[in-house]
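K.L.:
Just so you know, we're using my numbering here: the sequence shown kicks off at 58 and counts up by one. Cβ coordinates follow ideal geometry from the N, Cα and C atoms, glycine included.
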Amino acid sequence: MQKMIIGACGLALSLVATAVSAQSVSQSEIDQLGTTLTPIGAEKAGNAAGTIPEWTGGLPTDAGSDLPNNFLQNPFEGEQAEFVITAQNYQEYRDNLTPGQVAMFERYPETFRMPVYKSQRTVGFPQRIYDQVKQTAGQAKLVNGGDGIENVTPGASFVFPVPKSGAEVIWNHMTRYRLNVHRWYMQAMPQTNGSYTLIKLEEEVGYPNLMPDIDATTMPNTLLFFKQRVNAPARLAGNVLLVHDSLDQLKEPRMAWVYNAGQRRVRRAPQVAYDGPGTASDGMRTSDNFSMYNGAPDRYNWELIGKKEIYLPYNSGKLTTPGLKYADVLKAGHVNPEHTRFELHRVWEVQGNVKQGQRHIYAQRNFFIDEDSWQIGLADHYDGRGTLWRVGEGHISFNYKHQIPGYALETLYDLLAGRYIALGMYTEEASAPQFGGTPPTYNQFTPAALRAAGVR
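Take a look at the structure:
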């Protein structure tokens with residue numbers, strides 16, 4: 058059994074998973090934010106073994122050099138792995154591996170490996186986010202058994218910094234701090250022999266509290282606006298997806314539209330949710346696999362398993378090196394381990410089980426959420442028979458210039474089919490993701506704008 062940890066905040070997280078709790082956060086627990094806890098709720102101290110360091114604020118904004126076209130220097134360039142976990146020795150490290158990672162070693166014993174580096178707690182956020190978290194801690198409340206939330210300040214991040222239930226941890230992932238972004242990236246679904254077709258996607262994401270023509274207080278239930286255009290291959294080019302995502306989707310369901318370039322029509326797209334197919338994914342991911350998990354959480358009962366020390370894909374600067382060839386990353390079975398980096402970090406494990414009367418192709422999901430960023434780093438997905446089916450990796454990276462974590466790459470491995478999907482690669486593109494700059498306007502995210510976005 059994997060080792061459990063008692064958090065510095067004094068929350069005794071039982072080995073027995075608990076359902077949604079009605080417990081409220083005490084003022085004494087809130088007062089620990091910024092002292093024994095980091096300002097967003099992680100344990101500030103390192104671990105007893107010294108293999109996880111103390112959090113000291115994260116990387117500074119000048120941790121590396123600006124490179125052309127929005128790329129950043131990897132602050133850990135040249136570092137060597139301390140050791141490598143392979144199919145031959147993984148049993149020695151099993152206490153710090155997820156079932157999905159173990160399954161990958163057993164599925165690909167000759168090629169899958171995990172280079173493990175010195176752990177670096179690089180994630181930090183702007184002071185205004187720390188101030189907001191401290192000010193709003195304890196305000197948000199779960200409703201409808203954790204399916205929705207209320208009393209959330211518009212634009213607030215990390216609404217449950219001292220979580221008491223699995224649902225609250227999931228909401229922290231969904232309300233984590235993010236910025237408006239315009240990005241171009243590649244998606245691929247390699248066959249068992251390693252062959253693939255690149256899908257080029259362009260995305261714009263806007264947050265109401267960061268858009269100058271929107272008063273976020275007038276739309277307190279709007280989480281974000283999302284527009285995604287397929288630019289290649291030619292047979293798919295011009296198809297556009299638009300999503301208005303709600304914070305509480307039971308109160309106000311997600312609204313989605315698609316523009317089909319072949320038909321030149323805009324249509325509502327209710328299938329862009331839950332286990333509906335992801336854009337141009339050949340059935341290799343669901344809509345709610347995007348960003349490791351998104352959307353309404355109401356089809357699952359979320360159980361808080363506890364905190365663990367797990368080898369996460371972390372500080373993945375190798376995967377954002379400008380000029381890195383996609384062909385060097387995409388290999389048969391899984392991505393090339395030469396470009397991955399794993400570190401030991403504390404995570405929250407949350408298990409989702411499909412509710413009675415609900416349906417989803419993933420009957421069970423186990424998420425392993427990084428305590429420093431509240432991002433899901435690893436995800437195990439089980440089918441209706443209880444078989445481990447798909448293993449997700451979110452290769453966490455940190456943009457120190459803009460003080461925002463994200464994913465250098467997302468992968469989802471189908472253990473049964475021997476295939477996988479990889480999305481988020483941009484190292485051969487003309488620009489890395491563009492944060493900041495001129496913020497988008499609401500008019501860019503209207504159904505009327507879809508046709509214009511599809512015709513260029």
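Cβ atoms of M243 and Y383: under 9 Å apart, would you say?
P.N.:
Yes. Within cutoff.
K.L.:
State the CB to CB distance for the pair P379 and L124, rounded to an integer number of angstroms; the pair is presumed to be in contact (CB under 8 Å).
P.N.:
Sure, about 6 Å apart at Cβ, within 8 Å.
K.L.:
Just to confirm the assignment, what range does the alpha helix (DSSP H) spanning F128 have?
P.N.:
Unbroken run through F128: none, as it is neither H nor E.
K.L.:
Start and end of the beta strand (DSSP E) containing K519?
P.N.:
Residue 519 is absent from the model: the chain starts at 58 and stops at 513.
K.L.:
Enumerate in chain order the residues of its own chain whose CB-to-CB distance from E136 is below 8 Å, with the five nearest sequence positions on each side excluded.
P.N.:
The residues are Y174 and K175.
K.L.:
Should E163 be labelled buried (16 or more other beta-carbon atoms within 10 Å of its own) or exposed?
P.N.:
The residue is exposed, with fewer than 16 neighbouring Cβ atoms inside 10 Å.
K.L.:
Is the distance from the Cβ of A318 to the Cβ of N296 below 9 Å?
P.N.:
It is a contact, given that the beta carbons lie within the stated cut-off.
K.L.:
Taking contact to mean at least 3 C-beta pairs separated by less than 8 Å, is the stretch 408 to 420 in contact with the stretch 349 to 363?
P.N.:
Yes: at least three Cβ pairs fall under 8 Å.
K.L.:
In the DSSP assignment, the beta strand (DSSP E) including F424 goes from what residue to what residue?
P.N.:
First-last of the beta strand (DSSP E) with F424: Q421 to D427.
K.L.:
Which term fits F455, buried or exposed, when burial requires 16 or more other beta carbons within 10 angstroms of its beta carbon?
P.N.:
Counting Cβ neighbours within 10 Å, F455 comes out buried, since at least 16 surround it.
K.L.:
Spatial neighbours of T397 within its chain, please: CB distance less than 8 Å, with the 5 preceding and 5 following residues excluded, ordered by chain position.
P.N.:
If we look at T397 and ignore the five residues flanking it on each side, its Cβ neighbours are M171, P172, P370, S373, K375, L376 and H452.
K.L.:
Within the same chain, show all residues whose beta-carbon is closer than 6 Å to that of A99, passing over the 5 residues directly before and after it, in chain order.
P.N.:
Around A99: E428 and D429.
K.L.:
Looking at N229: is its Cβ nearer than 9 Å to the Cβ of P220?
P.N.:
Yes, they are a contact pair.
K.L.:
Using 9 Å as the threshold, is the C-beta distance between N153 and S488 below it?
P.N.:
Against a cut-off of 9 Å, the Cβ pair of S488 and N153 comes out as no contact.
K.L.:
Could you check how far apart the C-beta atoms of A389 and T254 are, in whole angstroms? I think they sit under 8 Å.
P.N.:
Contact doesn't hold; Cβ gap of about 15 Å is too wide.
K.L.:
Going by the DSSP bridge assignment, what does Y368 pair with across the sheet?
P.N.:
Y368 is bridged to L401.
K.L.:
Assuming A326 and V315 form a contact by the criterion Cβ under 8 Å, report the distance between their Cβ atoms to the nearest whole angstrom.
P.N.:
Right, the Cβ-Cβ distance comes to about 4 Å (below 8 Å), so this counts as a contact.
K.L.:
Suppose the cutoff is 6 Å on Cβ atoms and the five residues either side in sequence are ignored; what does the same chain contact list for R447 look like?
P.N.:
Answer for R447: H438, L469 and D471, listed in chain order.
K.L.:
By DSSP's criteria, L469 is part of a beta bridge. Which residues make up the other side?
P.N.:
Paired residues: G449 and I478.
K.L.:
Could you round the C-beta distance between I97 and F182 to whole angstroms and report it? I think they count as a contact, below 8 Å.
P.N.:
Yes, I97 and F182 are in contact; Cβ-Cβ is about 7 Å, under 8 Å.
K.L.:
CB-CB under 7 Å to A273, same chain, minus the five flanking residues each way: which ones, in chain order?
P.N.:
Once the five neighbours on either side are set aside, the close Cβ partners of A273 are P211, G212, P265 and N266.
K.L.:
Please go through the same chain and pick out, in chain order, the residues whose beta-carbon is closer than 7 Å to the beta-carbon of G463, but skip the five residues on each side of it.
P.N.:
The answer, listed in chain order, is S454 and N456.
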